[in-house]
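These notes concern the structure reproduced below.
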Amino acid sequence: MPELPEVQTIVNDLITSGLVGRRIIKAEVQWPRTIATSSVHRFCRLMRARRIERIERRGKYILMSLDDQQTLGVHLRMTGRFQWGALGESLDKHVHVALSIDDGRVLCFHDTRKFGRFYLVKEPLALLGNLGPEPLSPAFTVAVFKYRLAGRQRQIKPLLLDQTFLAGLGNIYVDEALWAARIHPMRASDSLNADEIEALYESIRRVLRQGIRHAGTTLGSGSNNFYSLGRARGGNASHLKVFRRTGAPCPRCRQQIRRIVVAQRSSHVCEHCQRQG
Ligand SMILES: [Zn+2]
Numbered sequence: 001m002p003e004l005p006e007v008q009t010i011v012n013d014l015i016t017s018g019l020v021g022r023r024i025i026k027a028e029v030q031w032p033r034t035i036a037t038s039s040v041h042r043f044c045r046l047m048r049a050r051r052i053e054r055i056e057r058r059g060k061y062i063l064m065s066l067d068d069q070q071t072l073g074v075h076l077r078m079t080g081r082f083q084w085g086a087l088g089e090s091l092d093k094h095v096h097v098a099l100s101i102d103d104g105r106v107l108c109f110h111d112t113r114k115f116g117r118f119y120l121v122k123e124p125l126a127l128l129g130n131l132g133p134e135p136l137s138p139a140f141t142v143a144v145f146k147y148r149l150a151g152r153q154r155q156i157k158p159l160l161l162d163q164t165f166l167a168g169l170g171n172i173y174v175d176e177a178l179w180a181a182r183i184h185p186m187r188a189s190d191s192l193n194a195d196e197i198e199a200l201y202e203s204i205r206r207v208l209r210q211g212i213r214h215a216g217t218t219l220g221s222g223s224n225n226f227y228s229l230g231r232a233r234g235g236n237a238s239h240l241k242v243f244r245r246t247g248a249p250c251p252r253c254r255q256q257i258r259r260i261v262v263a264q265r266s267s268h269v270c271e272h273c274q275r276q277g
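So the sequence shown is numbered by our numbering: it starts at 1 and just counts up by one.
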């Protein structure tokens, strides 16, 4: 599933492609359930002739602000991605939404698993209100992180995956951040000392920035992997230290990286560096 760096990469690529300022001539929907907020008919009517004024990210959502004060939020879930098509071209069977643009291109939403969702809302808070802070925003300080951790008594990994606690993290970047901070994913969140909290805070921000710098993480070559606009691969996989490196030596201590299950999610740890305590 695309996480913060992958979604940011798609947003950056959509902006670079010149989509901001363009007008949508028409919307077509081939899989009605992709549209979460209204009927297909109403969605297509509301999208027609709208100009895209801004594209940004919040958590794992892509947000397109339209010229009528509405916001189109897209959550990619497992396999959603965008690709360009051309007017008059027949649509791939995995393209569930197609937005025809006034410059002759068609922005296609391709989603083999069909879990991706489009939300057309007047009030973005209705969609985003429950999200925790943005880990890379200046407002998210180590003091804020400490404050949010105080009194929480969950295992640290599922807590970091909880989008209402902190927005944007998923399995890859949580495993990487916990390894970098030498914290075992099963540690209780209220057992972390001040140094560990600070190390974790720094690690989360570092692994996310690294992921963005390398345009996201694409693992393997299957069609369900992360691809940015136009099937562009992210280059961050070769920079991962533990994720999907089961059996390989820990880059820090050379002990074998192990795969364990934490809160039903596969997790990659060096149990020498990351002690359960
Ligand atoms: Zn190690």
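Glycine included, C-beta positions come from ideal geometry on N, C-alpha and C.
Check: residue i C-beta below 6 Å from any heavy atom of ligand 1
| i | result |
| --- | --- |
| His272 | yes |
| Cys253 | yes |
| Cys250 | yes |
Cβ neighbours of residue i in the same chain (closer than 7 Å, five flanking residues each side left out)
| i | result |
| --- | --- |
| Ser223 | Thr112 |
| Arg271 | Here residue 271 is Glu; the residue named in the question, Arg, does not match the sequence. Cβ neighbours of Glu271 beyond the five flanking positions: Arg258. |
| Phe226 | Pro2, Glu6, Gly216, Thr217, Thr218, Gly234 |
| Gln210 | Asn236, His239 |
Own chain residues within Cβ distance below 6 Å of residue i, not counting five before or after
| i | result |
| --- | --- |
| Trp179 | Lys241, Val242 |
| Gln69 | none |
| Gly170 | Met1, Glu3 |
| Phe145 | Tyr201 |
Residue from the options whose Cα sits closest to the Cα of residue i
| i | options | result |
| --- | --- | --- |
| Ala237 | Pro185, Glu202, Val207 | Val207 |
| Tyr119 | Gln264, Ser39, Gln274, Asp195 | Ser39 |
| Ala181 | His239, Asp162, Arg205 | Arg205 |
| Val262 | Arg154, Ser137, Ser203, Arg58 | Arg154 |
| Glu176 | Arg23, Leu160, Ile101 | Leu160 |
| Leu131 | Gly21, Thr164, Gly85 | Thr164 |
| Arg48 | Leu66, Lys60, Ile55 | Leu66 |
| Ile24 | Leu46, Leu229, Ile101 | Ile101 |
| Arg265 | Pro158, Thr9, Asp103 | Pro158 |
| Val231 | Gly168, Gly85, Arg245 | According to the sequence provided, residue 231 is Arg. The question's Val does not apply to it. It is Gly85. |
| Ser189 | Ile15, Arg152, Arg51 | Arg152 |
| Leu107 | Asp195, Arg252, Phe82 | Phe82 |
| Ser267 | Lys122, Leu136, Thr246 | Thr246 |
| Phe148 | Glu198, Lys60, Arg58 | For clarity, residue 148 is Arg in the given sequence; the question names Phe instead. Comparing Cα positions, the closest option is Glu198. |
| Tyr173 | Ser203, Pro249, Met64, Asp195 | Ser203 |
Close-in-space but distant-in-sequence residues of the same chain around residue i (CB under 8 Å, 5 per side omitted)
| i | result |
| --- | --- |
| Gly116 | Thr34, Val74, His75, Leu76, Arg77, Met78, Thr79, Gly80, His96, Phe109 |
| Asp103 | Gly18, Arg22 |
| Ala139 | Pro133 |
Requested in this report: Only counting runs of 3 or more residues, tell me where the beta strand (DSSP E) segments fall wholly within the segment 75 to 163, in order along the chain.
Outcome: As for any beta strand (DSSP E) of minimum length 3 sitting wholly inside the segment 75 to 163, the runs are 81 to 86, 95 to 101, 105 to 110, 117 to 121, ordered along the chain.
Query raised in the report: For the segment 17 to 31 against the segment 85 to 105, are there 3 or more C-beta pairs whose distance is under 8 Å?
Result: yes
Report task. Evaluate the contact criterion for the segment 3 to 12 versus the segment 212 to 229: three or more CB pairs, one atom per stretch, below 8 Å. Result -> yes
Report task. Please specify which runs of the alpha helix (DSSP H), each continuous and at least 4 residues long, are wholly inside the segment 27 to 77, giving them in chain order. Result -> 40 to 47
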